[in-house]
Each structure stands twice: as structure tokens, then as C-alpha cells.
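Everything below concerns the one structure shown next.
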Amino acid sequence: MKILDSSFSAALSAEVRTVTRCARLVRTDGEVFGLTEFDRDLTFAGTTYRSIHGLSPTAFQADLNFQANNIQFSGLLSEDGITEADLRIGLFDYARIEVFIVNYLDLPADLSANPPRHLILPVRSLGKVSYSEGDYTAEIMGLSRFLEGKISNSTSKTCRNDLGDSRCTVNVEAFAETLTVNNALEPLSFFATVAPPVDRYTGGKIIFLSGGNDGLTVPILKQSGTQFFLPAALPVPLVGGENFRAFPNCQKRLEDCRLFNNQPNFGAEDDLPGLDAYIGQEA
1 MKILDSSFSA
11 ALSAEVRTVT
21 RCARLVRTDG
31 EVFGLTEFDR
41 DLTFAGTTYR
51 SIHGLSPTAF
61 QADLNFQANN
71 IQFSGLLSED
81 GITEADLRIG
91 LFDYARIEVF
101 IVNYLDLPAD
111 LSANPPRHLI
121 LPVRSLGKVS
131 YSEGDYTAEI
141 MGLSRFLEGK
151 ISNSTSKTCR
161 NDLGDSRCTV
171 NVEAFAETLT
181 VNNALEPLSF
191 FATVAPPVDR
201 YTGGKIIFLS
211 GGNDGLTVPI
221 LKQSGTQFFL
231 PAALPVPLVG
241 GENFRAFPNC
251 QKRLEDCRLF
261 NNQPNFGAED
271 DLPGLDAYIG
281 QEA
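Structure, rendered in C-alpha cells:
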């Protein structure tokens, strides 16, 4: 049984309730955002929770059989809230999230206080965020969602490791380059002088070091020679002369391991015969 602060418990059981829901999002880049369904901004415990007009959480789903407990969040963009560019780039995908109820007439000063003056709802992780015509929708997944997938290794033709992880061991920073934008002809691509191989940054990432996007991290959709393609338009258009740090990726092939001098850690069985080979054998 969860014990709550007596004044907060009274607010929950009052005939006229003065409670509202808030969401605290921590993006994968460490940025923290607060949202609330209340009709004005709320500031407490070191975070400002922006009032998002149209923020609409569905009913929570949870049961004792470990069915996926989740919630759908949708809302309209606002000047002080989530921006279209951030959503399209994917900065909010898979963010950590806490959703809780507070008394807006008696806000908590510390979310770690005991007994608490807020009620945390059982959700923990933001899924893929979808965006369409000024409206966004995100599924917020419960912890039981992580028990649904298979976690054992299997054989594969391509490497199961991720570049730079503990199994791969490559120091990605050592292979990154500081480059300069030569020109940007359209919102989704730009040119920069880069040495071969021509596709080593496909699937990698960029950290901008100057200009209007200074500090922003975005994925690289594709690299083709000196041209870089992005998945979405940047918040501020690029101009020639701006610097960025480019981090490579691998296509999970043995030849990619050779580029990083890392063949012993290749996590695949590229010489293992496949099903077609077995079926094609004569009896």
C-alpha cells in the first residue's frame, strides 16, 4: 500500500478535486522537458511544466497478467512546447518519462520527499513519436513492455554488435572527424569535403559545433560522397562555413570491421550455410 502525504490524499478524495497530470521527459541527449494538462504553466521541484493546449492522455491500461500497460499522448504544438523540428529529427524518440498527479494548489517542493505529495503513474519509457499536420502522438510504454521481446543471441550473416558497444570495443570518437559545411542546397542535405570511404557515415550522427544549430545532435540518414542527407529539416538552416563533428557507423559487414581494424570482434557468422544451402543439397 502506497502511503501519501495527508494533505495530498485529502485533495485526491475531495469532492471538488484540485489535481492535474504532469509529465517529465528526459531525452536521450539529457534535455529535460515538463508538460502539463493544466491551463497554465506550473513550476515546482526545479522544473517548469508547460501548459500544452490539446494535451490529451488516454486512459491507462494495466493488469496483473503483465499485459502491456501503456498510454497514448497526443497534443498540438505550441510556441513554448515541443517543436516540429525536434519531433521530425527524432529527439524525443525513446525518452525516459515520469507521469504523475499533483495538487496544483499545493505543489510539491521535492519529488523525492517521503511521504510524497504527488502520485507517480506506472509508466517509464516513451516509444516512437509520430507527427502529422501539427499534431503528435506518442506511446508511453510500461516496464512490462521490455519483457516481450526475445533477448537471446542467434546466428546471423551481419554483425549483432553495435559500433562502439562493449562487445564491439571500437572507440568511435577516435574515428570521428571535424568537417565544414561547403553549401546547403536544400533543407535535407548539404555538402562537406570528406575523405573515402564514401559511405562510412551512413547511419552515424552529427554534432554541430557552430552556427544556429550549435550543440544539436542529429542522425545521418545517408552519406553519398561529399553529400550528407538528414531525416528532417534542421531548426535553423545551414550556411557554408559552419563546423560539425561527424561520427561514423558500420553496415555490420566484415569489411566494415576491417576499416576499424576490429575483425576479431566481428559478431556474425557470415560463412555459416543458410537454409537454402541445406535444402539445395542432394540426398
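Quick note on numbering: the UniProt record's numbering labels position 245 of the sequence shown as 245, and the sequence is numbered without any gaps.
Built from N, CA and C at the ideal position, the CB exists for glycine as well.
Computed from a prediction, not measured in an experiment: that's the story for all the values here.
(request) Look at the Cβ atom of threonine 193, then the Cβ atom of leucine 216, and state whether they are nearer than 8 Å. (result) no
(message) Looking at the secondary structure, which residues open and close the beta strand (DSSP E) in which alanine 174 lies?
(response) Unbroken run through alanine 174 is the alpha helix (DSSP H), 172-175; no beta strand (DSSP E).
(request) Answer with buried or exposed for arginine 96, where buried requires no fewer than 16 other C-beta atoms within 10 angstroms of its C-beta. (result) exposed
(message) Taking only three categories from DSSP, how would you classify alanine 95?
(response) coil
(request) Label threonine 18 either buried or exposed according to how many other C-beta atoms from any shown protein chain fall within 10 Å of its C-beta, with 16 as the threshold for buried. (result) exposed
(message) Measuring straight from C-alpha to C-alpha, what distance separates glycine 46 and glycine 225?
(response) 46 Å
(request) Give the single residue among Asp106, Thr43 and Ala10 whose Cα lies nearest to the Cα of arginine 24. (result) Thr43
(message) Does the contact criterion of 3 or more C-beta pairs under 8 Å hold for the region 255-266 versus the region 156-174?
(response) yes
(message) If you reduce the DSSP assignment to three classes, tell me which class proline 273 lands in.
(response) coil
(request) Between the Cα of proline 219 and those of Thr20, Glu269 and Arg88, spot the shortest distance and give me the residue it belongs to. (result) Arg88
(request) Flag this pair as touching only if the region 106-120 and the region 5-22 have three or more C-beta atom pairs under 8 Å; answer yes or no. (result) yes
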